[in-house]
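Under this note's numbering, the first residue of the sequence shown is numbered 54, with each subsequent residue one higher.
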Amino acid sequence: MREDKLTAVGTSHAKIILIGEHSVVYGQPAIAFPLSAVSVRVTVTANNHHGVLIKSSLYTGPLVTAPATLAGTKHLVAELLRGLPADQRNITLNISSNIPAERGMGSSAAVAVAIIRAIFRFYGWTLNQDVLLHLANISEIDTHKNPSGLDATTAANASPIWMIRDHEIKKIPVTSRGYLVICDSGILGQTKEAIAIVRQKMERDPQGTTQHLYNLGQLTAQVRTLLAQDEVIALGQALGQAHQELKELGVSLPAIDDLITASYAHGSLGSKLTGGGRGGCFICLTADRPTAEKLADYMKTQGIVQTWIEPLATSKE
54 MREDKLTAVG TSHAKIILIG EHSVVYGQPA IAFPLSAVSV RVTVTANNHH GVLIKSSLYT
114 GPLVTAPATL AGTKHLVAEL LRGLPADQRN ITLNISSNIP AERGMGSSAA VAVAIIRAIF
174 RFYGWTLNQD VLLHLANISE IDTHKNPSGL DATTAANASP IWMIRDHEIK KIPVTSRGYL
234 VICDSGILGQ TKEAIAIVRQ KMERDPQGTT QHLYNLGQLT AQVRTLLAQD EVIALGQALG
294 QAHQELKELG VSLPAIDDLI TASYAHGSLG SKLTGGGRGG CFICLTADRP TAEKLADYMK
354 TQGIVQTWIE PLATSKE
């Protein structure tokens, strides 16, 4: 039901890929985690006959004149309100997000999920998970052309996700007591560039490149088991090995490699880039929160613009 007669709220959160970026494009599995510490909140209110208005850090004004960067939002809201009389479409969407864009954290999918939840609550409509993911994909196609579905599914769930492309996405159990430190390098991620680099390597050296992708798939399967067994030392080793495979694929950067190397002297059990690469974020696994906090403090002295700390085992439905 509508939260009151004039206002409704929808929320969502960021995501990180724990392991399996890039190899998931070639049929290998990936594991993604919801990042509850980094969130988006959308408030829907009725307005006085002004159509759909948007208020956000990127744009404020009528939705119909929003810039191309909000094409996914325009398409999504149009689909959500399709069929309603004009006098019932006078709403304002106030979007408040602390998810940084172009960092591989699923910002567009999280905004879409929060908008859908807020609008459904405002009008008192019933929303199930299948409908939520179908609608979120409308926005994601406009934003990413060929989305895997991983971002939207993780944004819509409180549990870690196991995914193989074109297969059912599954939730996985986590009992590990480790902590992740997510570090924003401040360098905009270059996903398209990174994907092109892997494609070129596949063309030049199909055997070697396929082996690296296969190795990432094997490590991802191993990580799934370790997450359920609370084997934090072995988990860290697997994550570190995954970064070496990603380096071989050419999707890291020397600046990020140097920071990852330094992290081991300050409590990391295993560190790797996360997301598309060529910038963006990297993650470090620690055994406990005090170590995570010390590592985060150190990283800030090395130029990291922002850090978040997330326990592995608190993600649950």
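Virtual Cβ for every residue (Gly too), placed ideally from N, Cα, C.
Where the beta strand (DSSP E) through residue i begins and ends
i	result
residue 101	It is not in any beta strand (DSSP E) - residue 101 carries neither H nor E in the DSSP assignment.
residue 237	232-237
residue 217	Residue 217 -> no beta strand (DSSP E), and no H or E assigned at all.
residue 76	Segment: none, residue 76 is in no beta strand (DSSP E) and carries neither H nor E.
residue 363	359-364
residue 324	323-327
residue 62	60-72
residue 161	Careful: residue 161 lies outside any beta strand (DSSP E), inside the alpha helix (DSSP H) at 160-176.
residue 145	144-150
residue 114	113-115
residue 105	105-108
Alpha helix (DSSP H) segment containing residue i, residue limits
i	result
residue 255	244-257
residue 354	342-354
residue 316	307-316
residue 336	Element bounds for residue 336: not the alpha helix (DSSP H) but the beta strand (DSSP E), 334-339.
residue 286	285-302
residue 125	124-134
residue 206	203-208
Cβ-Cβ separation, residue j to residue i (assumed contact under 8 Å), whole Å
i	j	result
residue 234	residue 280	The Cβ separation is near 17 Å, so there is no contact.
residue 95	residue 152	At roughly 12 Å, the Cβ-Cβ gap does not stay under 8 Å, so residue 95 and residue 152 are not in contact.
residue 67	residue 160	7 Å
residue 285	residue 230	7 Å
residue 206	residue 188	At roughly 13 Å, the Cβ-Cβ gap does not stay under 8 Å, so residue 206 and residue 188 are not in contact.
residue 148	residue 105	With a Cβ gap of about 12 Å, residue 148 and residue 105 do not count as contacting.
residue 89	residue 270	Contact doesn't hold; Cβ gap of about 27 Å is too wide.
Sequence-distant residues of its chain with Cβ nearer than 7 Å to residue i (five each side left out)
i	result
residue 345	232, 234, 339 and 362
residue 331	242, 243, 246, 247, 304 and 306
residue 191	128, 129 and 132
residue 351	319
residue 268	298
residue 283	228, 229 and 230
residue 259	none
Residue i burial status per 10 Å Cβ neighbour count (16 or more: buried)
i	result
residue 294	buried
residue 194	exposed
residue 170	buried
residue 2	In the structure as shown, the chain begins at 54 and stops at 370. Residue 2 is therefore absent and cannot be evaluated.
residue 309	buried
residue 57	With a pLDDT of only 48 at residue 57, under the threshold of 50, the placement of this residue in the model should not be trusted; the figure read from the coordinates follows. Residue 57 comes out exposed.
residue 210	buried
residue 298	buried
residue 117	exposed
residue 365	buried
residue 273	buried
residue 321	buried
residue 162	buried
residue 296	buried
residue 348	buried
residue 150	buried
Own chain residues within Cβ distance below 6 Å of residue i, not counting five before or after
i	result
residue 60	98
residue 155	241 and 242
residue 63	95, 167, 170 and 171
residue 239	358
residue 78	none
residue 329	157, 242, 244 and 247
residue 287	279
residue 252	none
residue 102	143
Own chain residues within Cβ distance below 8 Å of residue i, not counting five before or after
i	result
residue 327	69, 70, 71, 74, 157, 235, 333, 334, 335 and 336
residue 55	The predicted position of residue 55 is uncertain, since its pLDDT is 47 and thus under 50; no value can be drawn from it.
residue 225	84, 212, 213, 214, 215, 277, 280 and 281
residue 290	322 and 323
Check whether the region 239-247 touches the region 59-71, taking contact to mean three or more Cβ pairs, one atom from each stretch, closer than 8 Å.
-> No, the region 239-247 is not in contact with the region 59-71.
Any chance the region 200-220 sits against the region 82-96, with 3 or more Cβ pairs inside 8 Å?
-> With a cut-off of 8 Å, the region 82-96 and the region 200-220 count as touching, because enough Cβ pairs lie within range.
Would you check if the region 351-367 and the region 169-189 touch, i.e. whether three or more CB-CB distances between them fall below 8 Å?
-> Between the region 169-189 and the region 351-367, the count of C-beta pairs closer than 8 Å stays below three; the two stretches do not touch.
Determine, using beta-carbon pairs with one atom in the region 135-146 and one in the region 308-327, whether at least three such pairs fall under 8 Å.
-> With the cut-off at 8 Å, the region 135-146 and the region 308-327 do not touch.
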